[in-house]
Amino acid sequence: MESTISSSSSRSVSPSSSSSPNSPPPPSVTMVVVSPCAACKILRRRCAEKCVLAPYFPPNDPIKFTTAHRVFGASNIIKFLQELPESQRADAVSSMVYEANARLRDPVYGCAGSICQLQKQVSDLQAQLAKAQAEIVNMQCQQANFMALICMEMGQSTPQTISPPQQSLDNFPMNYLDDNIGSWETLWT
-15 MESTISSSSS RSVSPSSSSS PNSPPPPSVT MVVVSPCAAC KILRRRCAEK
35 CVLAPYFPPN DPIKFTTAHR VFGASNIIKF LQELPESQRA DAVSSMVYEA
85 NARLRDPVYG CAGSICQLQK QVSDLQAQLA KAQAEIVNMQ CQQANFMALI
135 CMEMGQSTPQ TISPPQQSLD NFPMNYLDDN IGSWETLWT
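What follows is the structure, given as structure tokens:
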């Protein structure tokens, strides 16, 4: 029995059968059977050798084409891809599939709804960041004021020079902390 490959269900690449006796032998080429792309399978048509859709809609991922086909239509996808240079086609297909998924999820707003939601999240996060930065500046100012107050208090209670902050605060009057707890609470609120 002979096994044949039907041209309607698959494409085949075979080595040329004509060779002259003077030419070197052709490189060994194996027969490769390629199934039709997902687009041609879904559209139930023969997948040509130079099918525009084949590189972007592989046979093992039919959902990708089905989604784009529902929103844009096969003829519009083909027309759009033919107008683009080949270097931009993969990105265009990726974008079409993303937009089609968004349109199927949200028929009213589609991608615009997702973009608006992401922009709102960005503005909320920027507001939170600005608030946190303002709180840091406020705490730094409070710390500077507190250190100035401590230095002034130490300067009034003892005539000695103030030790650098790297050293321990052994000379610090501990009763100052107990007496002025109420004034500290106003600093942190």
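FYI, our numbering numbers position 19 of the sequence shown as 3, with every residue one higher than the one before it.
C-beta atoms are modelled at their ideal positions from N, C-alpha and C, and glycine is treated no differently.
Measure the alpha-carbon distance for residue 30 versus residue 47 and round it to whole angstroms.
-> Translated into positions along the sequence shown, residue 30 becomes position 46. Translated into positions along the sequence shown, residue 47 becomes position 63. Taking the straight line from one Cα to the other gives about 19 Å.
Keeping to the same chain, check which residues put their C-beta closer than 7 Å to that of residue 27; ignore five residues upstream and five downstream.
-> Walking along the sequence shown from the start, residue 27 turns up at place 43. Around residue 27: 58.
Top-ranked residue by Cα proximity to residue 74, from 37, 32, 50, 44 | For the purposes of this step, residue 74 is taken as residue 90 along the sequence shown, with counting starting at 1. When each option's Cα is compared against that of residue 74, the closest is 37.
Compare the Cα-Cα distances from residue 85 to each of 137, 140, 53 and report the closest residue.
-> Translated into positions along the sequence shown, residue 85 becomes position 101. Comparing Cα-Cα distances from residue 85 to each of 137, 140, 53, the minimum goes to 53.
In three-state terms, what does DSSP make of residue 33?
-> Translated into the one-based positions of the sequence shown, residue 33 becomes position 49. Three-state DSSP puts residue 33 in coil, outside helix and strand.
Assuming residue 23 and residue 64 make a contact with CB atoms under 8 Å, what is their CB distance in whole Å?
-> Walking along the sequence shown from the start, residue 23 turns up at place 39. Walking along the sequence shown from the start, residue 64 turns up at place 80. Between residue 64 and residue 23 the Cβ distance is about 13 Å, and since that is not below 8 Å, they are no contact.
Below 8 Å between beta carbons: does that hold for residue 97 and residue 90?
-> Against the sequence shown, residue 97 aligns to sequence position 113. Against the sequence shown, residue 90 aligns to sequence position 106. Yes, these two residues count as a Cβ contact at 8 Å.
Does the beta-carbon of residue 77 have 16 or more other beta-carbons within 10 angstroms, so that it is buried, or is it exposed?
-> The residue given as residue 77 occupies position 93 in the sequence shown. Looking at its Cβ environment, which holds 16 or more other Cβ atoms inside 10 Å, residue 77 is buried.
Quick one: Cα of residue 139 to Cα of residue 116, how far?
-> Taking the sequence shown and counting its residues from 1, one reaches residue 139 at position 155. Taking the sequence shown and counting its residues from 1, one reaches residue 116 at position 132. So the alpha carbons of these two residues sit roughly 34 Å apart.
Cα separation between residue 126 and residue 72?
-> To locate residue 126, count along the sequence shown from 1; it is residue 142. To locate residue 72, count along the sequence shown from 1; it is residue 88. Approximately 56 Å, taken between the alpha carbons.
According to DSSP, is residue 68 helix, strand or coil?
-> Counting from 1 along the sequence shown, the entry for residue 68 is found at position 84. Here residue 68 sits in coil by DSSP.
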